[in-house]
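Let me begin by presenting the structure, written as structure tokens, before commenting on it.
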Amino acid sequence: MHVLELGYSFCPNDTFIFYALAHGRVPSPLPVHEILEDVETLNQWARQGKLPMTKISYRAYGDLREQYVALRAGGALGRGVGPLVVTREPLASLEGKRVASPGALTTAELLLKLSHPGAIVTRMRYDEIMPAVARGEMDAGLIIHESRFTYPQHGLSKFLDLGAWWEAETGLPLPLGAILVRRDLPQPTQWALNRAVRASLEYAYAHPQEPKAYIRQHALEMEDAVMQAHIDLYVNDFSLDVGDEGERAVRELFRRAEAAGLMASSELPLFVQPAG
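Residue numbers (the working numbering): 17 to 292.
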């Protein structure tokens, strides 16, 4: 492998984190070629083993622990960062209600199934969810990304914050997205890639103006204020290193999913280890 193909999303948190790595501003064990796609496409590609290094939802990672291992850096975990369930009309419950979901492999849908197993899930692209709820085609919508900041503009109201539900249930931060590398990469390479991703984020923190044009280029006509709010919400200390608390959160998410029959179990280490 002479060039490493790295997949990540158009979202400002990803383009902020990976700008320096993708543009050769920080050392990397291999030259990087970035491929930007929506997270659900990246989730599906990971199931096919298409990319050696990729952003992925923690929900999708749960099924792929035999093939991939997560970096300690670059991921999205936190408090107050969870997906929301929004409605047009007030609802007493989600039991038997049609809820639009951004994808089977999203952490958002996993949380919905853990918290409201009686909801009827219909999947659609995340940017189509709020219009479908606003038109009355869906009873509720499960929203992620920048939709968290814009749903009132569609005449919608918050029914439930699934991140708040998770934190009340567990006391832990919510795992949303991880950066995976293939387990068959040499361990020194895995750890060097972890260092490179951390260095890329540290570069963005040190030079916050430099990545802005790159972030804006991929931000789907997002207003600058929304773009910055997105970065502020999803990029935090857990993005530099998942830490002990972050590891506990991931293990608890997987434990609950396995107990509910929604995910196969695995005994392999969840995160890359220092070489040697």
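C-beta: ideal position from N, C-alpha, C; glycine also. Since this is a predicted model, take the numbers as computed values, not measurements.
Query	Result
Alpha carbon to alpha carbon, what distance is there between Pro45 and Gln203?	12 Å
Given this structure, state the Cα-to-Cα distance separating Tyr219 from Val42, to the nearest angstrom.	8 Å
Quick check on the DSSP output: the beta strand (DSSP E) that includes Ser173 runs from which residue to which?	173-177
For Arg15 versus Asp257, is the C-beta distance shorter than 8 Å?	Nothing can be reported for residue 15, as the shown portion of the chain is limited to 17 through 292.
Starting from Arg198, trace the beta strand (DSSP E) both ways and give me its first and last residue.	190-198
Does Arg232 come out as helix, strand or coil in the three-state DSSP assignment?	helix
Please classify Lys174 as buried or exposed, where buried requires at least 16 other C-beta atoms within 10 Å of its C-beta.	exposed
Does DSSP classify Glu283 as helix, strand or coil?	coil
Would you identify the three-state DSSP class for His223, choosing helix, strand or coil?	coil
Counting Cβ pairs, one atom from each stretch, are 3 or more of them under 8 Å apart for the region 18-30 and the region 46-63?	yes
Which stretch, first to last residue, makes up the alpha helix (DSSP H) that contains Arg264?	259-275
Can you find the residues in the same chain that come closer than 7 Å, C-beta to C-beta, to Arg114, ignoring five residues on each side of it along the sequence?	Ile136, Thr138, Met154, Asp155
Who are the Cβ neighbours of Pro227 in its own chain at under 6 Å, not counting the five residues just before and after it?	Phe32, Tyr35, Ala220
Could you have a look at His246 and say whether DSSP puts it in helix, strand or coil?	helix
Helix, strand or coil for Gly78, going by three-state DSSP, please let me know.	helix
I need the straight-line Cα distance from Leu274 to Gln225, nearest angstrom please.	Note on residue identity: the sequence assigns Glu, not Leu, to residue 274. Whole-angstrom Cα-Cα distance: 43 Å.
By a C-beta neighbour count over all protein chains shown, 10 Å radius and 16 as the cutoff for buried, is Ala116 buried or exposed?	buried
Could you give the distance in angstroms between the alpha-carbon of Ala241 and the alpha-carbon of Asp260?	32 Å
For Leu20, which three-state DSSP category applies?	strand
How close, in whole Å, do the beta carbons of Gly98 and Gly179 come, if the pair is a contact with beta carbons under 8 Å?	2 Å
Would you list the one or two residues that DSSP bridges to His49?	Glu21
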